[in-house]
Amino acid sequence: MSEENFEMILPNGVSEAMLTDVLKKFQVNYEQSEQGPALTGHPDELENVKLYISQAIHDEMNKINDDTPVAEGEYQMGLPNGVGEAMLAHAIDKFDVKLEHSEYGPKLIGQYSELMKAKEYITQAIEKRLKELGGK
1 MSEENFEMIL PNGVSEAMLT DVLKKFQVNY EQSEQGPALT GHPDELENVK
51 LYISQAIHDE MNKINDDTPV AEGEYQMGLP NGVGEAMLAH AIDKFDVKLE
101 HSEYGPKLIG QYSELMKAKE YITQAIEKRL KELGGK
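Residue numbers for the sequence shown follow full-length UniProt numbering, so the first one is 1 and each next one is one higher.
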């Protein structure tokens, strides 16, 4: 008995490296759908992919350079791929952080506690978006 494959639209900004890892680790297929890049596969496998992407983004968000303050009491936090402009703008408006661009990509700068709040907000927003795109 053949099981039907389901589709999960990928959020903007999933890097090629992350997509390559997903395709190696999970039994899913990549395709271009009308709504954008997508993965197809068994629903359980797609759920595992969502968790993997969410964890990978969370891990990248934890890369704070505690030993390199920008100014007295300020820290910087690199942003992972997948953080949309609207999501980023909302985080900047909501928390006392500022955006700077570096040769390694965008980063937020601010007090440690504000960066942690912004990180939590962005992580939750990405997880919510993944659930929406995955049909849950």
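Beta carbons: idealized from backbone N, C-alpha and C, even for Gly.
Cβ of residue i within 9 Å of Cβ of residue j?
i	j	result
E31	A38	yes
A125	H90	yes
G78	V97	no
residue 165	S54	Given a span of 1 to 136 for the chain in the structure shown, any question on residue 165 remains unanswerable.
Short of 8 Å in beta carbon distance, which residues of its chain neighbour residue i, apart from the five on each side in sequence? Order them along the chain.
i	result
F6	T40, G41, H42, P43, L46 and G135
residue 169	Because the chain spans 1 through 136 in this model, residue 169 falls outside it and cannot be assessed.
N48	F26
Looking at the structure shown, is residue i part of a helix, part of a strand, or coil, going by DSSP?
i	result
S15	coil
N65	Annotation note: pLDDT 48 at N65 (below 50); position unreliable, coordinate value reported separately. In this structure, N65 counts as coil in the three-state DSSP scheme.
Q55	helix
E7	strand
K25	helix
Check for me: the alpha helix (DSSP H) holding residue i runs from which residue to which?
i	result
H90	E85 to K94
Y121	Y112 to L133
Excluding the five sequence neighbours on either side, which residues of its own chain have a C-beta within less than 7 Å of the C-beta of residue i, listed in chain order?
i	result
K115	Reading off the sequence shown, one finds Leu at residue 115, where the question assumed Lys. Around L115: I64, Y75, M77, V97 and L108.
H58	T123
Span of the beta strand (DSSP E) holding residue i?
i	result
P37	G36 to G41
L99	V97 to S102
G78	E74 to G78
Q32	V28 to S33
Give every residue of the same chain whose Cβ lies closer than 6 Å to the Cβ of residue i, excluding the five residues on either side of it in the sequence, and list them in chain order.
i	result
F95	E114, K117 and A118
Y121	A91
L51	none
G36	I9
R129	P11
L19	none
V22	V49
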